[in-house]
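Number 120 in numbering that gives the first Met the number 0 belongs to position 121 of the sequence shown; there are no gaps in the numbering. Heads up: the structure comes next, in structure tokens.
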Amino acid sequence: MKLKQLMYFIVPCIIWGSTWFAIKFQLGQVDPLVSVVYRFLIAGLLLMAFSMIRKLNLRYTFQEHLRMMLQGVILFGFNYWFVYLAETHLASGIVAIIFSFSIFTNIFFNYLLLKGKIKKEVMAGAVLGIAGTWLIFNHEFNNSAQIALSYNALMFCLGSIVLASLGNILSKYNQTRKLPVIQTNAFSMTYGSLAMMLMVPLSGRSFSFEATFPYIASLLYLSLFGSIVAFTLYLKLVGDIGPDRAGYTTLVAPVIALVISSFFENYQWGIVAAFGVVLLFAGNILALKMKTLKPSKV
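As structure tokens, then:
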């Protein structure tokens with residue numbers, strides 16, 4: 000791997016590994032749903048401006064806009080809303096680790112909806128991943144004074160994994176229909192944020208803004224670096240070394256998130272949880288070796 004390619008690999012891993020902790024600073028006075036609206040409205044408009052400056056094509060058919068809208072509502076709307084809700088009651092590193100299980104749901108939905116193939120190595124990896132996930136949350140439940148809240152967070156976590164995988168399937172489908180990734184994400188992020196904007200009053204919530212440095216800085220970091228810079232570099236990496244090798248960012252980023260969580264959130268580890276992480280990563284590595292679907296990164 001050349002130095003340039005190494006940079007394309009390391010920078011997205013560091014950024015995506017840190018975004019899970021950055022989300023914690025969004026969980027204060029502002030409702031998580033509203034924070035998701037802000038994040039992807041900023042990211043979508045910035046990508047739109049970038050596309051205009053680069054004179055990229057922004058004219059698409061009504062059907063293409065519908066597909067981009069659906070991708071945005073699922074991937075950049077409800078998916079991230081569930082992630083934010085999960086992090087309300089779980090350490091960011093744990094959410095990141097569990098989210099890496101989406102490697103298996105990606106492959107499953109690719110098989111179910113796009114008639115992709117599932118090999119026995121992937122099924123074995125999924126078994127390891129499920130066992131690892133159960134051990135991690137078993138540790139979390141046993142060490143939580145609010146088991147009901149932890150259970151709810153688990154449900155949001157699992158829901159976000161399913162939504163992320165469905166969003167990835169839509170992204171892959173849109174790419175097979177020759178929709179460029181940059182422009183598709185620009186429209187999808189904007190549509191997703193607008194849909195969540197409608198959800199705010201419909202769900203009885205209200206808009207607010209926390210004019211503090213931690214909130215504003217983390218919001219801009221998530222919007223600019225987490226949603227644009229890292230993704231752009233990742234695409235360059237995919238172009239240089241291929242999606243399969245580039246997909247190993249899905250292993251490295253959660254490790255970074257876990258380290259950050261241990262240091263800054265004082266997450267207390269146990270033998271059971273540690274063994275669960277080992278099983279999950281072993282399953283992920285096994286699946287990545289046979290991976291047939293490139294993950295969509297944001």
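Ideal placement from N, C-alpha and C gives every residue a C-beta, glycine not left out.
Classified as exposed, glutamine 62 has fewer than 16 neighbouring CB atoms from the shown chains inside 10 Å of its CB. Less than 8 Å divides the Cβ of glutamate 264 from the Cβ of serine 91. Closest option to leucine 279, judged by alpha-carbon separation, among Asn56, Val33, Asp30, Ser101: Ser101.
Counting the other CB atoms within 10 Å of its CB gives lysine 177 a total below 16, which places it among the exposed residues. Nearest to valine 35 by alpha-carbon distance, out of Ala130, Gln4, Gly76, Gly27, is Gly76. Ranked by how close their Cα comes to the Cα of methionine 195, the residues Met68, Thr104, Arg53 have Met68 in first place.
By the CB criterion at 8 Å, phenylalanine 24 and proline 213 fall inside the cutoff.
In this model, methionine 122 and leucine 134 are separated by some 19 Å (Cα to Cα).
In chain order, Phe39, Gly71, Val72, Phe75, Gly76 place their CB closer than 6 Å to the CB of glycine 191, counting only its own chain and leaving out the 5 sequence neighbours on each side.
Fully enclosed beta strand (DSSP E) runs of no fewer than 3 residues are not present anywhere in the segment 63 to 133. Exclusion of the five residues before and after valine 276 leaves Ile96, Gly131, Ile135, Leu257 as the residues of its chain whose Cβ lies within less than 8 Å of its Cβ.
The alpha-carbon of leucine 153 is positioned some 10 Å away from that of phenylalanine 81. Of the residues assessed, arginine 58 falls on the exposed side of the cut-off, its CB having fewer than 16 other CB atoms within 10 angstroms. One Cα belongs to leucine 162, the other to leucine 148, and the distance between them is close to 21 Å.
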